[in-house]
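Data block below; observations after.
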Amino acid sequence: MTLPLAAFVTVWLFLAANIASPGPNVLNTIALAMGSGRRAGFGSACGVGLGIGLWCLSMLLGLSAVIAVVPWAAEALRWMAVGLLLMFALRYLRAALAGYRARGMALPEGRRGVGFAAGFRRALAVIAVNPKALTSWLAVMGMFPVAQARAGDVALLCAGACLLSFSIHAIYMILFSTAPALRFYLRAGWVLQAVAGVLFAGFALRLVAGG
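So the number in our numbering is just where the residue sits in the sequence shown, counting from 1, plus 3.
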């Protein structure tokens, strides 16, 4: 490591605030933990950890340069994100409508089939086109002295980001897989589903409107 520790801490604090705030990845981990149990939620936490690490590595190694050379790559990523976010929004809104009509939620279907691998893949799919992740790493590129960073610095930054994101999502997974959280979900979970659906749709519409 050649850079001062402060350079890493600044980025990690920024990432912690972004990772912990509500967004597609947080909502996905919560939904999996509540609907499919800790194994699926743990898979999601691992997927987010790996995804954040890959975002870190790709940005530091020149994703921004690739997009500058191939402008349509950013546009393709944006429309992929719109499609995926709308798909998740529709899924959550349909579940909310069913829960409202039934005056409560049944045990989510995922509890009968979604495990670690499915949760892992779903988290990777969400984070791959997460606009929040892209904008966060563009900000990181402006904070971290990339030009002075060596291989050890890149490895440390990415490893720290990976561990940080996994830890935060693991806390969400544990909290929302407890019996009290599950009981609350069965009584009023359709409200949470509706909020998640609206947020996912909002992210998609924001991408469509603002690029």
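Even for Gly, the Cβ is constructed at its ideal location relative to N, Cα and C.
- For W58, the number of other beta carbons within 10 angstroms of its own is at least 16, and it is reported as buried.
- Here the alpha carbons of G86 and L189 stand approximately 29 angstroms from one another.
- Taking a C-beta distance under 8 angstroms as the contact criterion, N31 and A92 do not qualify as a contact pair.
- By the Cβ criterion, the segment 98 to 108 is not in contact with the segment 7 to 27, since fewer than three pairs of Cβ atoms, one from each stretch, lie closer than 8 angstroms.
- Take S170, set aside five residues on each side of it, and no residue of its chain has a beta-carbon closer than 6 angstroms to its own.
- Contact between F203 and A36 fails: their C-beta atoms lie close to 17 angstroms from each other, not under 8 angstroms.
- Proximity to R186 across N28, L6, L18, G38 peaks at G38, based on C-alpha coordinates.
- Sequence-distant partners of F119 (beyond 5 residues in either direction) whose C-beta falls short of 7 angstroms from its own C-beta, in its chain, are R42, A43, F45, G46.
- Relative to the Cα of S139, the nearest Cα in the group A99, V194, G26 belongs to G26.
- For S168, the enclosing alpha helix (DSSP H) starts and ends at 154 to 178.
- For V73, there is no enclosing alpha helix (DSSP H), as DSSP gives it neither H nor E.
- A99 and W193 do touch by the CB rule: their CB atoms are close to 5 angstroms apart, below 8 angstroms.
- The residue among M83, A150, A19 with its C-alpha nearest the C-alpha of M62 is A150.
- In the structure shown, the three-state DSSP call for N133 is coil.
- In this chain, the alpha helix (DSSP H) harbouring R42 covers 41 to 63.
- For Y95, same chain residues with a beta-carbon under 6 angstroms away, outside a window of 5 residues either side, are Q196, A199, G200 in chain order.
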